[in-house]
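For the sequence shown, my numbering begins at 492 and goes up steadily by one.
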Amino acid sequence: MPFLSIKPFCFLHTHLIRYYRNHTPLNFNLKFNFTTASSMATIEEQVSKRLWARSQSESIGSLYTPFVVSLASGNLKVETFRHYIAQDVHFLKCFAQAYELAEECADDDDAKVSISELRQSVLQELEMHGSFCLEWGFDASKETLPNSATIKYTDFLLATASGKIGGLKSPETVTTPYEKTKVAAYTICAMVPCMRLYAFIGKKLESLVDINGNHHPYKKWIDNYSCDAFQAAALQSENLLDKLSVTLTGVELDILQKLYQQAMKLEMEFFLAQPIDQQTVVPLSKEHNRVTIFSDFDLTCTVVDSCTVFADIAMATSPTPAQAQPENQSQITKMRLTKLKNTWEALVKQYAEEYEHLMETMLVNQKGEKFDYEGLRKALEQLSDFEKRANSRVTESKILKGLNLDDIKHAGQHLVLQDGCMDFFRSVMKDQNLNASVHVVSYCWCGDLIRSTFESGGIHNLELHANEFIYEGLLSTGEIIKKVESPLDKLHVFNDVLKEHDQCDQTNITIYIGDSIGDLLCLVEADIGIVIGSSSSLRKVGGYFGVSFMPLWLGLVMKQREHVEGSGFSWNRRSGVVFTVSSWDEIRCLIVGC
Ligand SMILES: Cc1ncc(CN)c(N)n1
């Protein structure tokens, strides 16, 4: 089991940092940092930036919708695009109207000017839609009725702009300048995510225009949202929101957050509501009804390596000197604790040194251009031997002796997972269209930790392939039933499972999710290998053997672009390409949709 990421005794600390990062209230800076004018500027910036950062699930969700992926690929049917433009006209007219209402409510002259400028840019966008109609021969008047997703957003926006916001008084009573400014802030807040999202999507799609040799059929649309003027308008709307929200209380900032999230959700639903009459690469659940998912656990699902958890439990299990009564007893306990700590440190040090040496010897030959599966496998055989030796040292040291099963389960229940990880497993398990089997394949020393982690999230039916502690009563003996110790062991598990599944169903598609070198063989063997995180050693070793790393979204857009209607989407095992993601949300969007 890799020790490399071990920082003994930092488990609780990491928990705290992570908890803090996820739970810092939007009004945190207002409470703690409101003394000077310059600090106010930081506060102003932060509201819109924080709100956007918290909307990652919806922004990624929008990017992975069948509509946006097909639009990006250039093969979206023109009829779908026409329908979208007609819906967007309703959306934009309402947007312009909401700006008017917000301008009336704002009491600051600069804010009024800014709102008026933003309104002008919407009118220009509407002109662009008119030019689309001319260029593509659409008759915008043919389709006049907004669909339910469009209505949901326009109703929401107009209600907000009229002061009908949860918890606020009825609109007629919004009379004081303070209350009116608040309504202006709320209204702009319900619009800012739409601007930021389109600026984000515009930039993402811009890079693809070149891939299409500058002949992208929707180039004009992409240019409009990636251009400097639109990017500046998005920023202007954010600055406006930051300014308008300076005087808001904590409760009002919470309302702001809800409005922002609601707008993001409705934006995503707007994309999802576009009728797509063509095969799309996402979500996989639409085209493939049998999916076998494999995932690594340490640092793929978790934020810290489970070695650290066991180190912490071992330290905590050993009584502290203060707890022991007599002086000589206290001395003995102190020595035991020091010995335990030194043993851990020695194990970690030896692991790190040998690992580094192994890396040097593994990568001595000329770096190949082509994908070299056999070379990779041979190199990882060496790594397998090394991992097994390291595990033997751990069991011989008896460092894992005396850990209580209840403590392990408790640690598992409180283990912090990567954002979106638990949601991913839950949504895969409950997706009716997807006949998914889910396997967790891990070097972790103790399967009980993993089981209790997932069970605490309500997940009971995944298949676990990991090592197990041996217990006497509730206490671990320090011995391990070794099942998955190395890259080759992971590959054996993967192949054994697939042998069964492929026999049952040829349309079965396999996905492997991992973060490190130990996952590389499975990553390249799977139909879709997905790397989460940014391990540089994984990229180095992979690159050395000709593995290429491609952002998942880009890979999907390329697949969609190559696709010929009527044929299936083919995914090749051992193609030498693995996909990269920065969050579990991307994987969820790929497999089950947004
Ligand atoms: C649905 C929607 N959202 C945002 C934008 C960018 N103004 C737009 N045109 N359409």
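Cβ coordinates follow ideal geometry from the N, Cα and C atoms, glycine included.
Query	Result
Going by DSSP in three states, Glu670 sits in which element: helix, strand or coil?	helix
What residue range is occupied by the uninterrupted alpha helix (DSSP H) comprising His956?	Not the alpha helix (DSSP H): His956 falls in the beta strand (DSSP E), residues 954-956.
For the beta strand (DSSP E) containing Leu966, list its first residue and its last residue.	966-972
Just curious, the alpha helix (DSSP H) that His905 is in, first and last residue?	Taken as a continuous stretch (DSSP letters only), His905 belongs to no alpha helix (DSSP H), as it is neither H nor E.
How is the beta strand (DSSP E) around Pro1042 delimited, first residue to last?	1039-1042
Could you tell me whether any non-hydrogen atom of ligand 1 is closer than 7 Å to the CB of Val689?	Note on residue identity: the sequence assigns Tyr, not Val, to residue 689. The answer is yes for Tyr689.
For ligand 1, is there a heavy atom less than 7 Å away from the beta-carbon of Met686?	yes
Report yes if the C-beta of Phe862 is less than 7 Å from at least one heavy atom of ligand 1; otherwise report no.	no
For Ile1023, which beta-bridge partners are listed by DSSP?	Val1072
Just the C-alpha distance for Ser561 and Lys711, rounded to the nearest angstrom, thanks.	16 Å
I'd like to know whether the C-beta atoms of Ala675 and Ala602 end up nearer to each other than 8 Å.	yes
With a CB to CB cut of under 6 Å and the five nearest residues on each side skipped, what residues in its chain are close to Ile692?	none
Taking Cβ to Cβ, would you say Ser977 is nearer than 8 Å to Leu867?	no
Is Ala779 helix, strand or coil by DSSP?	Position check: residue 779 holds His in this sequence, whereas Ala was assumed. Three-state result, His779: coil.
For Val975, collect the residues of the same chain with a Cβ closer than 7 Å to its Cβ; drop the 5 residues on either side in sequence, then sort them by chain order.	Val932, Ser933, Tyr934, His956, Ala957, Asn958, Lys981, Val984
Taking 8 Å as the threshold (C-beta atoms), are Ser943 and Arg1079 in contact?	no
Can you tell me which of the three DSSP states Leu461 falls into?	The question about residue 461 has no answer, for the chain in this structure spans 492 to 1085.
My assumption, with CB atoms under 8 Å, is that Glu743 sits in contact with Ser717. Please give the rounded CB distance.	Not really, about 34 Å apart at Cβ, beyond 8 Å.
Okay, do the stretch 748-758 and the stretch 869-883 touch, 3+ Cβ pairs below 8 Å being the bar?	no
Suppose the cutoff is 8 Å on Cβ atoms and the five residues either side in sequence are ignored; what does the same chain contact list for Pro668 look like?	Asp598
Would Val683 and Leu732 qualify as a contact pair, given that the criterion is a beta-carbon distance under 8 Å?	yes
Excluding the 5 residues preceding and the 5 following Cys685 in the sequence, name in chain order all residues of the same chain whose CB lies nearer than 6 Å to its CB.	Glu758
What does the alpha-carbon distance come out to for the pair Ala720 and Tyr709?	18 Å
Tyr962 lies in the beta strand (DSSP E); which residues open and close that run?	959-963
Can you check which of these residues, Ile899, Ile950, Gln923, is closest to Asp914 by C-alpha distance?	Ile950
Report whether the distance from the Cβ of Leu583 to the nearest heavy atom of ligand 1 is below 7 Å.	yes
How is the alpha helix (DSSP H) around Ala597 delimited, first residue to last?	That residue, Ala597, is in no alpha helix (DSSP H); it is neither H nor E in DSSP.
My understanding is that Glu970 touches Thr886, with C-beta atoms under 8 Å, so please give their C-beta distance in whole angstroms.	6 Å
Do Phe469 and Asp939 have their C-beta atoms closer together than 8 Å?	Nothing about residue 469 can be read from this structure; the chain reaches only from 492 to 1085.
Could you tell me if Leu636 is buried or exposed, where buried requires 16 or more neighbouring beta carbons within 10 angstroms of its beta carbon?	exposed
Using only CA atoms, which one of Ile642, Thr571, Asp863 lies nearest to His581?	Ile642
Would the stretch 1037-1055 and the stretch 552-560 be scored as touching if the rule is three or more Cβ pairs under 8 Å?	yes
Report the option in Lys900, Glu991, Ala1017, Thr799 whose CA atom is closest to the CA atom of Tyr1003.	Ala1017
Just to confirm before moving on: does the CB-CB distance between Asp787 and Ser797 stay below 8 Å?	no
May I ask you to report which of helix, strand or coil DSSP gives Leu521?	Only weak support is given to the placement of Leu521: the predicted model assigns it a pLDDT of 36, under 50, and the question is left unresolved by the model.
Taking only three categories from DSSP, how would you classify Thr635?	coil
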